Every structure is written in C-alpha cells, then in structure tokens.
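Chains as they are written, first to last, in the working numbering: chain A, 1 to 638; chain B, 639 to 1276.
C-beta atoms are modelled at their ideal positions from N, C-alpha and C, and glycine is treated no differently.
None of these values were measured; they are calculated from a predicted model.
Worksheet for the structure shown next.
Protein chains: 2
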Amino acid sequence: MFGKGVFWLKARCVVVDSSQSPYSRLKPVPIESVKLKDDFWAPRVKTLVKVTLPTQYELLEETGRLDNFRRAAGKVRTDFKGFFFNDSDVYKWVEAASYVLAFNRDSRIEKMVNSVIEEISDAQDDDGYLNTYFVFERKAERWTNLRDMHELYCAGHLIQAAIAHHRATGERMFLDVAVKFARHITGVFGPGKMLGVPGHPEIEMALVELYRVTHLEAFLNLARFFIDNRGCGLVGGSVELIDHRPFRELEEIVGHAVRSIYLNCGAADVYMETGDETLLRALKRLWVNMTRCKMYVTGGLGSRYVGEAFGENYELPNRRAYAETCAAVANVMWNWRMLLATGDAEYADVMELSLYNGALAGIGLDGKSYFYINPLADRGRHRRQRWFECACCPPNIARLIASVPGYFYSTSREGVWVHLYASNDALIELNGRHVRLVQETNYPWSGHVEVTVYPEGLSEFSIFLRIPGWSRDAVVALNGKPVNGKPEPAHYLELRRRWEEGDVISVDMEMGVDVLKSHPHVLENRCRVALKRGPLVYCVEQTDNPGHDVWDLMLSPDSSFKVEYKPDLLGGVVLIHCGGSAADTSVWTGRLYLRVEDCVMNLKPTRFTAIPYYAWANREPGPMTVWIPMLDTGLRNR
Amino acid sequence: MFGKGVFWLKARCVVVDSSQSPYSRLKPVPIESVKLKDDFWAPRVKTLVKVTLPTQYELLEETGRLDNFRRAAGKVRTDFKGFFFNDSDVYKWVEAASYVLAFNRDSRIEKMVNSVIEEISDAQDDDGYLNTYFVFERKAERWTNLRDMHELYCAGHLIQAAIAHHRATGERMFLDVAVKFARHITGVFGPGKMLGVPGHPEIEMALVELYRVTHLEAFLNLARFFIDNRGCGLVGGSVELIDHRPFRELEEIVGHAVRSIYLNCGAADVYMETGDETLLRALKRLWVNMTRCKMYVTGGLGSRYVGEAFGENYELPNRRAYAETCAAVANVMWNWRMLLATGDAEYADVMELSLYNGALAGIGLDGKSYFYINPLADRGRHRRQRWFECACCPPNIARLIASVPGYFYSTSREGVWVHLYASNDALIELNGRHVRLVQETNYPWSGHVEVTVYPEGLSEFSIFLRIPGWSRDAVVALNGKPVNGKPEPAHYLELRRRWEEGDVISVDMEMGVDVLKSHPHVLENRCRVALKRGPLVYCVEQTDNPGHDVWDLMLSPDSSFKVEYKPDLLGGVVLIHCGGSAADTSVWTGRLYLRVEDCVMNLKPTRFTAIPYYAWANREPGPMTVWIPMLDTGLRNR
C-alpha cells in the first residue's frame, strides 16, 4: 500500500513537534503519515487543494498582498495595499499549501508556493527584517509601535509558514529566510535589549517551533521573554491585549479571543520545552474558566464584537455571537498543545468540538466562501463572503484543514494514541519502528470504529483509544471480544498487549441525540436546548423547514429523534428529525410587549429537521438557530 | 400663590416653541409656568440645582473643556484638551442651567452660567465661526470633514443653549453669538454653496428653533436642506450615519441611535413648520418600526455597542444592551415633537416611558453619577461614573430633568392638554388668558390624580386628560361624578364645558402590577417577564434579595403582588413584593453544558422584591435583572 520512494516518511511534517520536548507527554505524528480515506475529511482536503488554495492564491494577487512583497523588493512601484498586517495572510496561505505538499505534491500548488516564497524571500532586507509595510519611508518606524502594528505577529506567521514548508518539502530556502529574520528579532529584543511584547501574540509559538527545528536556544528564550514580560503595561496594560496582569497571575480568560488563545499556545509550547509548572498551572486555570464559563457549545470563542473579545462569565449571546473563525481555529491549536503536554482526554474533547463545529462552519461547502463571525442564531442576513478586507480567517481555516491528518494520532513511550476517528491508513513511527493502523468507520455519522493493527515487528505496546466525553456508553472489543475495563467517557482506554498482525479493535460509541442545556446564567438559552450527536452540534435552518419560521419551533420534551443519512445533501450529512410544535405568533404581529394574559399562543404539533451546524448557510438564506426552545422541564419543586 | 413680579410669565422658556408652527396641533407651555410640588420630580430638580449643575461645572473646568474656550480666545496658552467635540458638553450644560434659571434665579447657577457664556462669547471668531478645536493651526480644516468632526453638531448645541438662555432670562448676548454663528453657517452651506450634511445630526432641530426665535427663514431652509440632502452619500453613505438612503425613503430605523433620533427630531420640527407630509409619513414609519421591533421595555434605544447603533428587529440583548442615556433622552425629545405635531397619545406614552425609565436610570440618586450604557441585566460590574471622557450623557440628562416641567401640559385652540401627572401648580396661557391647574397626586406611585381648575375668567374650553396606554381601566370624575364617555387607554379624554372656579377633576388609573412578555423573537426574554407598574419598569436587585442570586429567581405564574411604599428607600419608592421560587443551581457548579436529564434543579419557594429600574445601582454592587424567569404559560396546544 505504501509504495517505494514514499515521500511522506522522510518529511515529518508535524504541526507541533514535541518529539524532543522534555515536558510533553505525547509526540505528534506527521501529517503525511495519515492517509485519509473517509467521506468527511478527505473530500474537504480535496476541495482545499482544488478550490480553496487556488482561489485564495488569486485573491492574494487580486488584493495586492503579493504586490506588497514585490513593492518591498523594488520590483513594482505602487502604494502599499490594504492593512499593514496583510503579509500574515500570505504566510498563512503558504503554511496551508505546505501542509498539502506534505502528502500531495500537487504541481499546481507547488508552483504557486514556490513563486510566493520567491516573492517573500526577495522582499527581505539584508539585515533579515521582513515586513512589506515598514519599507522605504516607513523604515524608521520599525518596532516603534508593538501594540498596534503587528510586526511580531506577521513575523510569527512567516516563521510558521517557513517551518511548514521545510518540513513538507525538506527544502531550506524559505526556512533560511525565517531564521535570518528570527535572528534579527533576537538581536532586537530580549534582556538588555529592547523591552517589548507583541500587541498580537503569535510569535511565541512560532519561536518555540523554530527552536525545535534549529535547536537555537535564543529562539526559545525570546518566546519565554515575550510571555514573561506580558502584563507589565508594555503594550498599554489593557485587558483587551492581555497586558493587564502577568501571565502566571491570570485568573480569568479575557481580552481579544484570538490573541488570548495564541498567547496560551505559546505558553504551552514554552512549558513543553522548559517544564515551567507555573505556566501550566495558569494555562489550566484559564482553560477551566474558558470551557466552564466562556465557550460556545460549538467550541466558538469570543462573544463580543467590541474588541473581538471574551465577555464576562456566561455572556454568550447567540445572535450577536462573534465567535471568530480564527478563534475556533486557535481553540483547536491550544487544545492540541495541552493534549500533547498532558495526554488528558478533556483537551481532545474540546479540540474535536472546535474542529467539527466552530472552526468548520467558517468555510462554505464550496471551499471558497468564509465566515469571519459565526452566530448561533440568525435571521438570514449573515452570509459567507469570498474574502474580507481583514482576511485572517480564510487562510487560517485553510491551514487547519490541511493539517487535520496530523491531529489523529500521537505516540508516547507506551504506545500509540488515537485521538480522532475517520477512515484512514496510518503508518506511525514508534520507538524507531512502525505501526500501521487502519481505521474504518463512518464517523462522525456513526460511532462504530474498527481499527486494524499491523504491528510491523513491534512487540508489546499500548494503544490508547480516546473515549469521547460526549459518549454515554462505549464498548471496546478486541477481535470480537469485549476488553477488560470499562471505557470511560473523556478518558483514553489503554489496550496493552503483544499485538498481532491484523488484530481488530472495535469501538462502539453510543451516538444518540444529546439534548443539551446550558448554565442558567447564559441568558439567551433559557428554556432552550441544543441538539448534539457525537461530536456535531446541530441547528435548524429555514430551508429544511418550510411552513414555520424556525425561530417559532419548539422541541417536545419527550421528542423521539429519527436520524437519517442523506448522501446527496450538503456533501452528505445525517439529519435529525425532531418532534415538537410551532407557535402561532400572530398575536404578536405589530407588538413588542404585551401583558402575559394577552399573548397566549397556539401550538401546532409539527416535526422539524436539524442539520449539522457546520453546514448552515450553504443554501438559500433564512432564519437559523442552534438553541431551540423547549418547555423547561429541568425544574423540580422541593 | 403667584406673587407680583413673577418672572416666569415673561420668559416663556419652552423646549420646542411650536406656538406659531402652522402644522403643530399642540403648543407648549413654558417650563416656568409649571411649579412642581411633588415628591418625585421636585426633589430631582432640587438635586439638579444643588448638586448636578455645580459638580458638572467643576468637571467642565477640571477636564479643560472651559480652558478650550479660553485657549481659543487667546487667554491661555495650552493644548486643546479632550475630544474635538467637547464644546458640546459645555453648551448642553448651559442649556440645562438656563432651564433652571427660568424658574429659579439661583444666584450661584446664574453666576456660573454668565461666566461660561462669557468664555464662549470671547472665543467666537469675527466671522461668527465658533468651535474651539478648529482654531490656530487647525483653522484651515474647518468644514473639511463633516462626517467625523462634529462641527455642525457642536453648533447645534450652541444654538439650543443660546435659545434656552434667551428664553429663560430675556437676555440677548448669548443668542446674538448663536445667530452670528448660524448666519455664518447659512453663508457656508446651502443650494449653490457647500453641499454637505452633518455626520451627527443635531443642528437641524436647533436651526428650526432659531427660526422660531428669529423668524429668519434661512435657518429653516438650511435645516430642511440638511434633511433633504441626507442619504446621498455626503457623509459616506453608511447605514450607521443614516446616509444610505434619502430620509423620506427610510423604512427601518437603523444606525447610531442618538444620531438617528436627533435627525428625526429635526425632521419633525421641519414638518411642524412646513407641513411636508412626506416627512411625517417617514417619521411615523420609523416610529412604528422602532416601538414595535427595536425599543427596550424601558424606552432605551440602540442595542449594539458597535456603532452605538440600533440592531436588527428584535435584537434586544439585556446584559449587553447599549441603550445609551443620550438615546433615551433623545427618545423623549422626539416623542415630544411627535406629540406636539399630532396630539396622539401614543407618543406621550413612549415619552413618559423613556423619561421615567431609560433616561432617568442614566443619573444616580446622588445627582452626580452617571450611566452612559444602561444594561437591563448585570452581574454587578456596571456602575455609574462621575464623568466620561466622552461626556455627552451627563449634561444631556441634566437638560432633560431641568426641562421636565415643560413636558406636563400643552394647549391647542380647543383647550389645555394634560400629558404628565405629578403634583404641581400651573398657570397656563390659553387664548390670551390664563387657566390655572393644580394637580395633586402621588403619581407615579399612585394612579389617583386630582386636578383643580381655576379658569380665571375663561369661558368654555376643553381639558384633554391623557389616559396612559399602561392603564387597564381608568375612571374620570368631575366634582365627584363620573364623566360621560369611557376613558380609553392611550388616548386623551376630552372634557369640554364652562369651567367653574374650583372644579375638581379626578382621574383614577388602575395601577396594578403588569406582567409583560416580549415578542418571542427577542431571544433573551424567552420564558421571562418584566414587571411594570404605572409608567415604571421594575427590576430585581441583589441587595434587596439576600440569600439567592437574583438571576436564579423565578416568578410564579400565579404570584400575587404586594406593593409597599418605602419613603426612606432610594428617595422614596414603591416596592413590588413577588411570590416565586429560587432555583438551586448547584448542579451547574463548574459546568457550562449538560444533558437535559442531568441538570434537574430544585426550586425553593421564596418571595422577592423588585425596585424601579431607574433606581438600580445606587447601593452596593450586585446582580440585577429586569426580565425575570417565569415558566412559560403563554402556550396552548391546539
């Protein structure tokens, strides 16, 4: 199956290379080691290659983002175009395209990548500095406004792109550009040099990753420096920029959601290299606050339009949710690092949740339309766009999807960890040898998974199967016989044995429809429930439910649910058919407030249909809601 | 009672002088004609004189707002301080103080006013231009950025202040400054001159009022010009600035709430002078959209932080309500104009609602602390401030309170109109003679009002009594005998007769506790109700309800209410004691989402107490909510 000259075994294109990190429990498995063979992710990756990356490349050109590099290199005479941080979109696109090259040397993509890298490289200054906004007349302004001007943010994305390209292709040219710039930066910032931190975190994780590639400690030290010096008012001391308090003293997750989570990613990376427990403690505290008080049921983050920021605890409006696509992507990235660091399944749960819902909703099924903002309820005005003036989200979701195969497995000294489920064929390096795992499943539509093990000469080792937190009941069998030990949701089940060629592990996760409520202080969700099945959050969309405004539907507390797989709908989805009623709101016509006795509404029994949230807004516009009204049954008089 | 040398009869200090307006049904009654003798407004006006105006004066000085005028006059050498529109705060303060001078020649206030007016006057250019930001090096930038720089907005407030001062004192000096500036403006803008409209409407109503004072048609014409040219993209064409569509074609109330409503005020004023029915039709359309789809139950307007703007229909979050104090003040102003223009009681209802709730909450009981933003639910972090960098709200609520007596009555050819209720003694000019009305009531705590009529030689005329929309049942009697005709809520009841000295009209409005629901598409209010009694919206505040978090309280659908007047609490309020229960939320500790079957909560019967919304946040911080959970009873299976 894996022919000779297989490229992917050499490259080791991982997203976070914790292989040598002394304080990381898990080691990643390269993207190219996992061949997706499923009907969920594989088609998405195909669309990414065929549609997303080429159209984004055209947009980088059309919007002047590539011209900005040519301008900086003196090749064209033109004004700088767009926002001062537009370089970062180019870098994120290169990162996404590089991940693709790790498993698919698509010549069209390769050609685009090479030409973009050449433009980037040509724009670099002799001293290593590289930012197309701060050239010519603005050269003197370099590093003068770290709070607002995103130079370090752009540098971080440059570094991440260069590492991805190097890991995917083995080439060094772009990596050399990044290293040269990073050396320039370490020459500028640090103890005894310029004191500063970035207004928009991002470079921290990039520098740690560059340390992992180069083993140059200066990069790790500078990443730590940027985290250690946060909270001293260097970028204004605001809560929005998470500069109000030293990182280790943070109690509540606050501020700009993407900045906050990128910072946490960097801190997690620094922890994995240094073992600084004060960082891990702060990270765990922030994670608990976020997941218990500030995260949408979709894994979306950041409820406020103002400052694209986290709100107060339980401040999670649906219609005015901000839930930036980038923040959901960041949520995947942070939880992946926490998972690597600890091996705790709760991080895998949040990673999976954000991936399948909050992040995936950010891109249309066509692969070329995007949400920046992801409401959980809408009247039909909110539609995906082909691009944004501030276009951080499109290439961010692209790099996430391109790297999805890299999130499926990890290894530890004990063995192989299975985090995500989808049909795939993976060849995983373990203790210098290889284990081949072949997953067969219809996940996320079915909770039945079969993993066939080919130990390839390895003797005893463990396979850690993730039992998702959403599963009520899971049964794990080996070659048809239930294994010892009760699989516990939100934990990994360790199966340790001398594996034999063709051993089949089956996992059966009960995938019923979960009817969820949220904390009663989440004001908009009072007397409402959300439907979830497996990792997928559902919503009701108008187009599936003619006859009644979907905002007027109510779920019956004793509804039975019928699930139905529709291969031709929305790329293939399982629908949930529900029993409930529709309220006749005619008493409210032309009225906003009425006395309670004057607004009795008739209910008409009806059935309605829910679709996965990620798939909404791909058809004609109309009302949508994740949280569906239901009579409040969760109360008991004492 | 009204001694010799009574000052107030000469001044005629009205807020909107529609006396000569050909298309105004009602004519206003001067502020000084109405002597408040009640326990609600009179103490507030007293606090305004003793605390609010002096402390605001000190803040105008402390923050450099007065120095900006001295700087412009060349008296001090200093940088311009604060925002470029800070002059407007000074003008609004002068307007507020002038209204006070109309009925109370407090020497301390008079001295302050005179000194401020002198500073303003000294800062005026020889050509009439007056704005302390655009002086010296910025002189060349005058009128170059109408969208952002608020020159016309500041000019409007200058004009309104000058008119108020002239009407209150009879003096001309300040009015001359305003006229000179207004002449300068009419020289700059208009057909064949500069084409432009203000980014922030305000000058429109000011110019119409100046036309009413001076009878110079150029002012009216320019006001109309600014309205006619709106929607042509002169200030960018944005929805936020209501420049996306010509005024007469607006269907939905959108954009920055204060700008939108100030614009409507100006359009209503132009209508009253010109009879342009296309304006009135647009105004009525916008009013219907606003009151049926976009107004908080408190009369607050503008639900979005972003752009301080109206949201979509039914987008009325409570915790993240913006509901700027200025917008509620503007709501009073607009409805007052609509009421004058039409005599329709529905406008008086909204005016009263905004006045007693949305606007009044903007100032603390101490008279020196302010809300800019007025949420309808809070966890205790939102507190009134002594001032704001952008300090539009404090002097705006000050000028509203100072002018409250002017909103009580109007006249028409037919007679006298009674809009608001509170104990007062009013001498009202009618057809060249005077009617004295003496109101005695405990309104808003009681719905019983007695009006004693002293016709002072007048023969037959009508008295129009407002029967508020909130009253379920009202009984009106004359000298103890019920009058003919059923008083209809949200209408005026006309009593026409030959009045005799000492005739007593009694109005008994049933003032029960109304339990209100909102349109089911207002997401946060699902399964919640608001309590209202008479014109007052209530809320539950933590400090009155120890033992349970007020966000965990539920109102019983069959609750009886006990009302209790507490003279020593919050300046004297009627409390509403409710029956209900408190939910034990311990199952939710550390959880954000749970399956519906895992989160059953115990309810413990409890009673709790609500206070008027305007009085919240005057004691120790804690949770508050206007919308109280209640099991959904308003549903009936068909």
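Ordered along the chain, which non-local residues of its own chain (more than five positions away) have a Cβ less than 7 angstroms from that of residue i?
{"i": "T1271 (chain B)", "result": "P1195"}
{"i": "G940 (chain B)", "result": "A895, E946, A947, F948, Y960, A961, E962, A965"}
{"i": "K37 (chain A)", "result": "S423, N424, D425"}
For residue i versus residue j, is the C-beta spacing smaller than 8 angstroms?
{"i": "V90 (chain A)", "j": "L53 (chain A)", "result": "no"}
{"i": "A778 (chain B)", "j": "I797 (chain B)", "result": "no"}
{"i": "G255 (chain A)", "j": "E204 (chain A)", "result": "no"}
{"i": "V654 (chain B)", "j": "N1062 (chain B)", "result": "no"}
{"i": "R1037 (chain B)", "j": "K730 (chain B)", "result": "yes"}
{"i": "P455 (chain A)", "j": "V483 (chain A)", "result": "no"}
{"i": "Y356 (chain A)", "j": "E324 (chain A)", "result": "no"}
{"i": "L195 (chain A)", "j": "N229 (chain A)", "result": "yes"}
{"i": "V596 (chain A)", "j": "K1200 (chain B)", "result": "no"}
{"i": "V418 (chain A)", "j": "L430 (chain A)", "result": "no"}
{"i": "R1104 (chain B)", "j": "A983 (chain B)", "result": "yes"}
Would residue i count as contacting chain A if we go by Cβ distances under 8 angstroms?
{"i": "A1112 (chain B)", "result": "no"}
{"i": "S1156 (chain B)", "result": "yes"}
{"i": "M1239 (chain B)", "result": "yes"}
{"i": "T936 (chain B)", "result": "no"}
{"i": "V1167 (chain B)", "result": "yes"}
{"i": "L1230 (chain B)", "result": "yes"}
{"i": "W1226 (chain B)", "result": "yes"}
{"i": "N956 (chain B)", "result": "yes"}
{"i": "L813 (chain B)", "result": "no"}
{"i": "V1234 (chain B)", "result": "yes"}
{"i": "L1273 (chain B)", "result": "yes"}
{"i": "E1162 (chain B)", "result": "yes"}
{"i": "T1244 (chain B)", "result": "no"}
{"i": "M750 (chain B)", "result": "no"}
{"i": "W646 (chain B)", "result": "In this prediction, W646 (chain B) has a pLDDT of 38, which is less than 50 and means its spatial position is unreliable; nothing more can be read from the coordinates."}
On a CA-only basis, which of the options is nearest residue i? Give me that one, please.
{"i": "H838 (chain B)", "options": "B:Y1176, B:H1057, B:F864", "result": "B:F864"}
{"i": "L376 (chain A)", "options": "A:R386, A:D503, A:F40, A:A359", "result": "A:A359"}
{"i": "Q1180 (chain B)", "options": "B:P1250, B:S1224, B:H1129, B:R1017", "result": "B:R1017"}
{"i": "L340 (chain A)", "options": "A:E460, A:F408, A:N86", "result": "A:F408"}
{"i": "V587 (chain A)", "options": "A:E488, A:N335, A:M601", "result": "A:M601"}
{"i": "V475 (chain A)", "options": "A:M509, A:T452, A:D503", "result": "A:M509"}
{"i": "R923 (chain B)", "options": "B:N1034, B:E890, B:C931, B:Y952", "result": "B:E890"}
Under 8 angstroms, Cβ to Cβ, is there at least one residue of chain B near residue i?
{"i": "Y305 (chain A)", "result": "yes"}
{"i": "N221 (chain A)", "result": "no"}
{"i": "L631 (chain A)", "result": "yes"}
{"i": "H521 (chain A)", "result": "yes"}
{"i": "F2 (chain A)", "result": "Since pLDDT at F2 (chain A) reaches only 38, below the 50 mark, its modelled position is unreliable, and the value read off the structure follows with that caveat. For F2 (chain A), the answer is no, since every Cβ of chain B falls outside 8 angstroms of its Cβ."}
{"i": "W640 (chain A)", "result": "One cannot answer for residue 640 (chain A) here, as it falls past the ends of chain A, which runs 1 to 638."}
Can you give me the Cβ contacts of residue i inside the same chain, cut-off strictly under 6 angstroms, excluding the 5 residues immediately before and after it?
{"i": "C651 (chain B)", "result": "P668, I669, E670, A740, R805, A806"}
{"i": "S19 (chain A)", "result": "K27"}
{"i": "A1115 (chain B)", "result": "S1144"}
{"i": "V851 (chain B)", "result": "I801"}
{"i": "V438 (chain A)", "result": "D425, T452"}
{"i": "R619 (chain A)", "result": "T543"}
The beta strand (DSSP E) with residue i in it runs from where to where?
{"i": "K1200 (chain B)", "result": "1200-1204"}
Grab the span of the alpha helix (DSSP H) containing residue i for me, first residue to last.
{"i": "P1032 (chain B)", "result": "1031-1041"}
{"i": "F225 (chain A)", "result": "217-228"}
{"i": "P692 (chain B)", "result": "691-700"}
At a cut-off of 7 angstroms, would you count residue i as near the ligand GDP, judging by its Cβ distance to the nearest heavy atom?
{"i": "R1171 (chain B)", "result": "What this structure holds is no ligand at all, so the ligand GDP is not there to describe."}
Spatial neighbours of residue i within its chain, please: CB distance less than 8 angstroms, with the 5 preceding and 5 following residues excluded, ordered by chain position.
{"i": "M1192 (chain B)", "result": "G1218, S1219, A1220, A1221, L1241, I1266, P1267, M1268, L1269"}
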